[in-house]
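So the working numbering is basically just the index in the sequence shown, starting at one, shifted up by 6. Where is the CB? At the ideal position from N, CA and C, for every residue including glycine. For reference, the structure discussed in these notes is given below.
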Amino acid sequence: MKACITANKYQMKICMTSNKERMKTCMTANRYRIAAAALVLGLWWGMSNLYSPLVVPPIPAVAAKVAEILSSAKLWCEIGKTMVRLVCGLGIGIGIGCLTGLFGGVLRPVRQLIQPVLGIIQVVPPISWLILAIIWFGFNGRASIFIVVMAVVPTMFICICDGISAIDRKLLEMGSVFGFSVWKKLRYILIPSVTPYFASGLKIAVGMACKTVVMGEVLTTTSGIGGQIMTARLNIEPETVIAWTVIMVGIYYAVVLVGKLLLCKKHAVQRNE
7 MKACITANKY QMKICMTSNK ERMKTCMTAN RYRIAAAALV LGLWWGMSNL YSPLVVPPIP
67 AVAAKVAEIL SSAKLWCEIG KTMVRLVCGL GIGIGIGCLT GLFGGVLRPV RQLIQPVLGI
127 IQVVPPISWL ILAIIWFGFN GRASIFIVVM AVVPTMFICI CDGISAIDRK LLEMGSVFGF
187 SVWKKLRYIL IPSVTPYFAS GLKIAVGMAC KTVVMGEVLT TTSGIGGQIM TARLNIEPET
247 VIAWTVIMVG IYYAVVLVGK LLLCKKHAVQ RNE
């Protein structure tokens, strides 16, 4: 009984120490983020005082434009169109990338077959894919979805393949010794081992997708955030261009945050099981 109590106290002490270390790390990271934001705003303020508003618009003008966009129902529809294209492209790209990465990680011949093809896809400039997409799909939102898929698939394939290759083979052997089924090996060994690689790949993929979807909209359609940026360019409204860019950056961080929350929830469910 005393041994159990001592063990429990020791575990609680370890958990408390771990939580304190996490909080300290988060606080340090937040300080650096605040310092970086202050540095960017300071440089922006200084440049806006040196150059014409047509070159570097002042911060208050951009902030007012962001508030105007977020208070307009019509402009929220444009944000929604971009989000639909972004989610569709990400969903298709992540699905294809993870599936091919799974087969490539498990079966070496498949990896050797697919890797050169995806390597070529990865180095092709996005503008080349965009021009081909215009020829194939025309001037509409499908071209933006296509180039997002082309940007996301190679990244997810590489991350999933590397994650599977890094799995400790002794864990798989131990699973076989204890009579684990294929489903149990997948659930308790493969997925937990690959999750960190998936999370890293997802963060990179979302960033690439946000850039390419807007680029596609700028050149192929008048709708969405890209269409609004093109309209602002034609009207010579740099504050509007930067305002839409700020909103797109916010969308990126929102998508990444949602992904982190889903992964944390999944880990919590697995721990409870």
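Worksheet item: Taking the alpha-carbon positions, what's the Leu-105 to Leu-119 distance?
Response: Within the sequence shown, the letter at position 99 stands for residue 105. Within the sequence shown, the letter at position 113 stands for residue 119. Going by the C-alpha atoms only, they are around 14 Å apart.
Worksheet item: Taking just the CA atoms, how far does Ile-248 sit from Met-53?
Response: As a working mapping, residue 53 is identified with position 47 in the sequence shown. As a working mapping, residue 248 is identified with position 242 in the sequence shown. Rounded to the nearest angstrom, the two C-alpha atoms are 14 Å apart.
Worksheet entry | Cβ contact (3+ pairs, closer than 8 Å) linking the stretch 61-71 and the stretch 230-249 | Touching, yes.
Worksheet item: So, helix, strand or coil for Thr-227, using DSSP?
Response: The count along the sequence shown starts at 1 and reaches residue 227 at position 221. DSSP, read as helix, strand or coil, puts Thr-227 in coil.
Worksheet item: Can you list, in chain order, the residues of its chain whose CB lies under 8 Å from that of Leu-196, leaving out five sequence neighbours each side?
Response: As a first step, residue 196 must be located in the sequence shown, where it is residue number 190. For Leu-196, the CB contacts under 8 Å within the same chain, skipping 5 residues up- and downstream, are Ile-170 and Ile-173 in chain order.
Discussion item. Rounded to the nearest angstrom, what separates Ile-140 and Ala-67 at their Cα positions?
Written reply: Residue mapping note: residue 140 aligns to position 134 of the sequence shown, counting from 1. Residue mapping note: residue 67 aligns to position 61 of the sequence shown, counting from 1. Going by the C-alpha atoms only, they are around 35 Å apart.
Fill in: Exposed unless 16 or more other CB atoms sit within 10 angstroms - verdict on Arg-91
Position 85 of the sequence shown, counted from the start, is the residue given in the question as residue 91. Arg-91 comes out buried.
Discussion item. Between the stretch 113-130 and the stretch 176-190, can you find at least three pairs of beta-carbon atoms closer than 8 Å?
Written reply: Fewer than three beta-carbon pairs drawn from the stretch 176-190 and the stretch 113-130 are found closer than 8 Å, and the two stretches are therefore not classed as touching.
Practice prompt. Using the Cα positions of Ala-205 and Trp-142, report the straight-line distance between them to the nearest angstrom.
Written response: Locating residue 205 in the sequence shown gives position 199, counting from the first residue. Locating residue 142 in the sequence shown gives position 136, counting from the first residue. Their Cα atoms are separated by approximately 32 Å.
Worksheet entry | Cβ pair count under 8 Å reaching 3, the stretch 151-159 against the stretch 207-220 | Result yes; three or more Cβ-Cβ pairs closer than 8 Å.
Worksheet item: Excluding five sequence neighbours on each side, which residues of the same chain lie with their C-beta closer than 7 Å to the C-beta of Glu-243?
Response: Counted from its first residue, the sequence shown places residue 243 at position 237. Answer for Glu-243: no residue qualifies.
Practice prompt. Rounded to whole angstroms, what's the CA-CA distance from Arg-256 to Val-72? Just pull it up for me.
Written response: As a position in the sequence shown, residue 256 is number 250, starting the count at 1. As a position in the sequence shown, residue 72 is number 66, starting the count at 1. Checking the sequence, you will find Gly at residue 256 rather than Arg. Between Gly-256 and Val-72, the C-alpha separation is close to 11 Å.
Worksheet item: Quick one: what's got a C-beta closer than 7 Å to Met-22's C-beta in the same chain, skipping five residues either side?
Response: Position 16 of the sequence shown holds residue 22. Here Met-22 scores only 46 on pLDDT, less than 50, and its place in the model is too uncertain to base an answer on.
Worksheet item: Taking one C-beta from the stretch 122-135 and one from the stretch 72-85 each time, how about it: are there three or more such pairs within less than 8 Å?
Response: Result no; under three Cβ-Cβ pairs closer than 8 Å.
Discussion item. Within a Cβ cutoff of 8 Å, which residues of the same chain sit near Val-224, ignoring the five residues on either side of it in sequence?
Written reply: Residue mapping note: residue 224 aligns to position 218 of the sequence shown, counting from 1. These residues qualify, in order along the chain: Gly-232, Gly-233, Ile-235 and Met-236.
Worksheet item: Among Asn-146, Arg-239, Gly-103 and Gly-185, which residue has its Cα nearest to the Cα of Ile-164?
Response: As a first step, residue 164 is located in the sequence shown; it is residue number 158 there, counting from the start. The option with the nearest alpha carbon to Ile-164 is Gly-103.
Discussion item. DSSP three-state label for Glu-84, please.
Written reply: If you number the sequence shown from 1, residue 84 lands on position 78. Looking at Glu-84 - three-state DSSP - the assignment turns out to be helix.
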